Amino acid sequence: MLECRSVSKFFGGIKAVQDCSLEVPEHSIVGLIGPNGAGKTTLFNVIAGVFPPTAGEVHFKGEKITGLETWRIVDRGVARTFQHPSGFPQMTVMENLLVAPLGQTGDGVLHGFWRGGTVRAQEREIHEKAMRLLDSIGLMKYRNELVVNLSAGDARLVELIRQLMLDPSILLLDEPAAGINPALTGYLLALLRKLRAEGLTILAIDHNLGFIMELCDHIYVLAQGRVISQGTPDEVSGDPKVIEAYLGKSA
Amino acid sequence: MNLGVFISGVVIVVAIYAIQTLSLNLKFGETGLIDLGLVGYFAVGAYAFALVTVPPPGATDNYAIGLGWPLWAGFLIAPVVAGIFSLLVGLPALRLRGDYLAIATYAFAEVVRAIFTNETKLANGVVGFTNLRQPWRDSFESGVRYQYFFMGLVLVVLLLLFLGLKRFRLGPFGRSIRSIRENEPVALSVGKDVVRMKLKSFVLGGVLAGLSACFYVTFQSLIVPRSFVPEMTWMVWIALTIGGTGNYLGAIVGTTVLVGAQEATRLIPSSPSTAPAIAASRLLIMGIILILIIRFRPRGILPERPWIDRSPVPAGGSVPQAVPSAAEVAEVAAKQGRSTDTIVD
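Right, dumping it as structure tokens:
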């Protein structure tokens, strides 16, 4: 479904990502791990269209998406979350969710003043959806709270369901479990699996190896911008190259 | 001096500036665009109004264009021209962010003033136009009565704009531009065409400035380039800061406090020797109000208020949809060797 073909990204002399190829099949959960500075987030940014790759291409559903504006890539069904779940800090949780859905007729400037039946129907629909999602993660009580006031864990959940409001085909998760307490991690894990069962494809970055090993079907390991290993969680965790990348060479 | 005339004059000036403050609140308060060229769109609107309505140049006149059209045409065309000018400024400038946008917009406004000052052929240069027509002036015998009427007219327009913008704020477009202000990368990540939306807000703001300029020109009944100095831009910014960034009512209140306090100094009896000091006190008042507000009410007299969703929570409260069952969570947590006790809400 999503495919990176020999993607490289250089910032001046820094080779953040070098010749990375990876594939995310439909309905799978693929993990991307690696030590700090391995190039995971850079690769995410290339996929999401924040900046173009220095070389290589990204394909989604068989079409090349490199070079498209960020919002056009989102429009095609690629949603991503951010490492820092700041969202829209001075807006309420509910508003954060309502902003997201694609194809809102009301985004046209004239609809700001005159809202016809189409806009009102859409508004009702996305509001219902937001209520449903809030209910499902137990954050209904915070719907009128400003996002800036949420705890780190709740903010991360809001970050996640905001992107679910987009009805994406694939969700790129940048450290979904960072800063979340262990109990919530188990909850998140079950939630993501449930979403996959409902048809979502996921590509996740995380530092929490226990979490990612539990979550993913397939894992790519990045170190210094290159894919050094890939396979099932068991294969990867036994790979000497991976252990070396994380812990250094044994004597 | 007749107090009624004085007060209605102040109210008119306040209302004209308040339309500009509403425009800035749309651009900065809602969209987060730092625009230091407010006076530029205002000037373009004012000149468009003048050139559409002044009579065609006679043999002794210097200016090149004068359509001599009715005033209502001026009121329609000037905002559109100011909007088009905003579009031309916005297309290159809105690709810049923060302070770079501020510098670029400031520069555009200065260019506008330089052009109207120096291009004598275009709009009579530094002389400008005087004795401009005023709408429905002939229906009133006394100037005083006309001023009251004009006050009513401006207030009605201000009220309509205020109500419109308040409604605007709560709609999908208002929500989207606020999301851009709050976090541009995240707005992009939910598929907003950020540059295009900024441009829409920017142009709409320009149209409002152009409308405000029409009233300014008709009220003053004259137009000269030296009216359009950067001080006008600062006034509007200070008014919005005092009133409350992100709050349309605050924008109007801030303008009332600032302009009202300044104009009130005209009530102080002055002699030729004290007049300069009284004139200077206007700047002093502006400074003092601003400092007090920033110190004691940094978000303004009426701060931005978030939208509160008052729709009822569906009965039954929590019938989880996507939520994993307790058993599933327990299973996962057990695999990780952790307790699930803390999950319970």
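Going line by line, the protein sequences match chains A and B. So for the first sequence, the numbering used here puts the first residue at 1; every next one is plus one. So for the second sequence, the numbering used here puts the first residue at 1001; every next one is plus one. Ideal Cβ positions, reconstructed from N, Cα and C, are used throughout, including at glycine. Predicted model, so just to flag it, every value in this text is computed and none were measured.
| query | When you compare each of Ser1201(B), Thr1256(B), Ala1050(B) and Arg1178(B) to leucine 1076(B) by their alpha carbons, which one comes out closest? | reply | Residue 1076(B) sits at position 76 when you count from the first residue of the second sequence. Answer by Cα proximity: Ala1050(B).
| message | Just to make sure I have the definition right: I need the residues of chain A whose C-beta is within less than 8 Å of the C-beta of serine 1311(B). Which are they? | response | By one-based count along the second sequence, residue 1311(B) stands at place 311. Simply His127 and Met131.
| task | At 9 Å on the CB atoms, spell out the chain A contacts of serine 1221(B), in chain order. | result | For the purposes of this step, residue 1221(B) is identified with residue 221 of the second sequence, where counting begins at 1. Within chain A, no residue comes near serine 1221(B); the closest Cβ sits about 32 Å away, beyond 9 Å.
| Would you call the segment 1165 to 1183 of chain B and the segment 90 to 102 of chain A in contact, with 3 or more CB pairs under 8 Å? | yes
| request: May I ask which residues mark the beginning and end of the alpha helix (DSSP H) holding threonine 1255(B)? | output: Within the second sequence, the letter at position 255 stands for residue 1255(B). DSSP places threonine 1255(B) in the uninterrupted alpha helix (DSSP H) bounded by 1248 to 1264.
| Of the residues Gly1090(B), Arg1113(B), Ala1114(B) and Ile1115(B), which one's Cα is nearest the Cα of alanine 1104(B)? | Along the second sequence, one-based indexing puts residue 1104(B) at 104. Per the Cα distances, Gly1090(B).
| query | Using the beta-carbon of each residue, which ones in chain B are nearer than 8 Å to histidine 111(A)? | reply | Residue 111(A) sits at position 111 when you count from the first residue of the first sequence. Residues of chain B passing the Cβ test: Gly1171, Pro1172 and Phe1173.
| field | Identity of the residue in Ser1311(B), Glu1304(B) and Asp1309(B) nearest glutamine 90(A) by Cα | value | On the first sequence, residue 90(A) is found 90 positions in, with the first residue counted as 1. Considering only alpha carbons, the answer is Glu1304(B).
| query | Can you name the residues that DSSP bridges to lysine 40(A)? | reply | By one-based count along the first sequence, residue 40(A) stands at place 40. Lysine 40(A) is not bridged to any residue.
| task | Report yes or no: do the segment 1226 to 1233 of chain B and the segment 1035 to 1051 of chain B share at least 3 C-beta pairs separated by less than 8 Å? | result | With three or more CB-CB distances shorter than 8 Å, the segment 1226 to 1233 of chain B counts as touching the segment 1035 to 1051 of chain B.
| said: Short of 9 Å Cβ to Cβ, which residues in the segment 59 to 92 of chain A face chain B? | reply: Glu69, Thr70, Trp71, Arg72, Ile73, Val74, Asp75, Ala79, Arg80, Thr81, Phe82, Ser86, Gly87, Phe88, Pro89, Gln90, Met91 and Thr92
| Boundaries of the alpha helix (DSSP H) in which aspartate 1138(B) is found, first to last residue | Within the second sequence, residue 1138(B) is the residue found at index 138, counting from 1. Where aspartate 1138(B) is concerned, there is no enclosing alpha helix (DSSP H), given that its DSSP letter is neither H nor E.
| field | Cβ-based neighbour list, tyrosine 246(A), same chain, cut-off 7 Å, excluding 5 preceding and 5 following | value | Here the question's residue 246(A) lines up with position 246 in the first sequence. Within the same chain, tyrosine 246(A) has close Cβ partners Pro35.
| query | At a Cβ threshold of 8 Å, is valine 227(A) touching chain B? | reply | Working through the first sequence from its first residue, we reach residue 227(A) at position 227. Not one chain B Cβ lies under 8 Å of valine 227(A).
| query | Skipping 5 residues on each side, what residues in its chain have a beta carbon closer than 6 Å to that of lysine 1121(B)? | reply | Looking up residue 1121(B) in the second sequence gives position 121. Excluding residues within five positions, the ones whose Cβ falls inside 6 Å are Ala1064.
| query | With respect to the beta strand (DSSP E) encompassing aspartate 1099(B), which residues constitute its N-terminal and C-terminal limits? | reply | Within the second sequence, numbered from 1, the residue matching residue 1099(B) stands at position 99. Looking at the DSSP string, aspartate 1099(B) is not in any beta strand (DSSP E); the run it does join, the alpha helix (DSSP H), is 1098 to 1118.
| With a cut-off of 8 Å, do at least 3 Cβ pairs link the segment 197 to 205 of chain A to the segment 169 to 180 of chain A? | yes
| query | With C-beta atoms as the reference, is glycine 1246(B) less than 8 Å away from glycine 1029(B)? | reply | One-based indexing of the second sequence puts residue 1246(B) at position 246. One-based indexing of the second sequence puts residue 1029(B) at position 29. Result yes, Cβ atoms of glycine 1246(B) and glycine 1029(B) sit closer than 8 Å.
| request: Decide if the segment 1234 to 1252 of chain B is in contact with the segment 1293 to 1302 of chain B; the criterion is three or more beta carbon pairs, one per stretch, under 8 Å apart. | output: yes
| Which one of Ala1046(B), Leu1160(B), Glu1119(B) and Ala1082(B) has the shortest CA to CA distance from isoleucine 1252(B)? | Position 252 of the second sequence, counting from 1, holds the residue named residue 1252(B). If we check each option's Cα against that of isoleucine 1252(B), Leu1160(B) comes out closest.
| task | Could you name the residues of the same chain whose beta carbon sits closer than 7 Å to that of alanine 1015(B), not counting the 5 residues immediately before and after it, in chain order? | result | Position 15 of the second sequence, counted from the start, is the residue given in the question as residue 1015(B). So the list reads Val1154, Leu1155 and Leu1158, once near-sequence residues are dropped.
| request: Taking glycine 19(A) as part of the alpha helix (DSSP H), name the residues at either end of that continuous run. | output: The residue you call residue 19(A) lines up with position 19 of the first sequence. The displayed chain sequence assigns aspartate, not glycine, to residue 19(A). Per DSSP, aspartate 19(A) belongs to no alpha helix (DSSP H); it is in the beta strand (DSSP E), 14 to 24.
| message | Between threonine 1021(B) and glycine 1254(B), how many whole angstroms is the CB-CB distance? I'm expecting something under 8 Å. | response | Indexing the second sequence from 1 puts residue 1021(B) at position 21. Indexing the second sequence from 1 puts residue 1254(B) at position 254. Confirmed, Cβ separation roughly 6 Å.
| query | What residue does the beta strand (DSSP E) around valine 221(A) start on, and which one ends it? | reply | Taking the first residue of the first sequence as position 1, residue 221(A) is located at position 221. That run of the beta strand (DSSP E) goes 218 to 223.
| request: Quick one: residues in its chain with C-beta nearer than 6 Å to the C-beta of glutamine 18(A), no 5 flanking neighbours on either side, listed in chain order? | output: Along the first sequence, read from residue 1 onward, the residue named residue 18(A) stands at position 18. Here glutamine 18(A) has Ser8, Gly225 and Arg226 as same chain residues with Cβ atoms under 6 Å from its own Cβ, once five neighbours each way along the sequence are excluded.
| DSSP state of glutamine 104(A), grouped into three classes? | Counted from its first residue, the first sequence places residue 104(A) at position 104. Glutamine 104(A): coil per DSSP, three-state reduction.
| request: Apply the 10 Å Cβ neighbour rule to valine 1144(B) and answer buried if 16 or more other Cβ atoms are within range, or exposed otherwise. | output: Counting from one through the second sequence, the residue named residue 1144(B) turns up at place 144. With fewer than 16 Cβ atoms within 10 Å of its Cβ, valine 1144(B) is classed as exposed.
| request: Counting only the same chain and skipping the five closest in sequence on each side, list residues whose C-beta sits under 7 Å from that of serine 1318(B). | output: In the second sequence, residue 1318(B) corresponds to position 318, counting from 1. Confidence at serine 1318(B) is low in this model, with a pLDDT of 49, below 50, so its placement is unreliable and no value can be given for it.
| request: Note down, in chain order, every chain B residue with its Cβ under 7 Å from the Cβ of arginine 115(A). | output: Taking the first sequence and counting its residues from 1, one reaches residue 115(A) at position 115. Neighbours of arginine 115(A) on chain B, chain order: Gly1171.
| What does leucine 203(A) touch in chain B if you count any residue whose Cβ is under 9 Å from its own? | In the first sequence, residue 203(A) corresponds to position 203, counting from 1. Ordered by position in chain B, no residue passes the 9 Å Cβ test against leucine 203(A), which lies about 15 Å from the chain.
| task | Would you mind giving the Cβ-Cβ distance between isoleucine 73(A) and glycine 49(A), rounded to the nearest angstrom? I have them listed as a contact below 8 Å. | result | Position 73 of the first sequence holds residue 73(A). Position 49 of the first sequence holds residue 49(A). Contact flag correct, Cβ pair sits at about 4 Å.
| said: For alanine 1277(B), report the span of its alpha helix (DSSP H) as first-last. | reply: Along the second sequence, one-based indexing puts residue 1277(B) at 277. Counting along the chain, the alpha helix (DSSP H) containing alanine 1277(B) begins and ends at 1275 to 1296.
| task | Determine the chain B residues that contact glycine 106(A) at a beta-carbon separation under 7 Å, and present them in chain order. | result | Stepping through the first sequence from its first residue, residue 106(A) is reached at position 106. The answer, in chain order, is Gly1171, Pro1172 and Phe1173.
| Between which two residues does the alpha helix (DSSP H) containing glycine 1009(B) stretch? | In the second sequence, counting from the first residue as 1, residue 1009(B) sits at position 9. Per DSSP, glycine 1009(B) is one residue of the alpha helix (DSSP H) stretching across 1003 to 1024.
| message | Using only the alpha-carbon positions, how far apart do glutamine 1321(B) and valine 1195(B) sit? | response | As a first step, residue 1321(B) is located in the second sequence; it is residue number 321 there, counting from the start. As a first step, residue 1195(B) is located in the second sequence; it is residue number 195 there, counting from the start. Because glutamine 1321(B) sits at a pLDDT of 44, beneath the cut-off of 50, its placement in the model cannot be relied upon, and the following sentence gives the value as read from the coordinates. Going by the C-alpha atoms only, they are around 36 Å apart.
| task | Please compile the residues from chain B whose C-beta is within a distance smaller than 8 Å of the C-beta of alanine 48(A). | result | On the first sequence, residue 48(A) is found 48 positions in, with the first residue counted as 1. In chain order: Ser1189.
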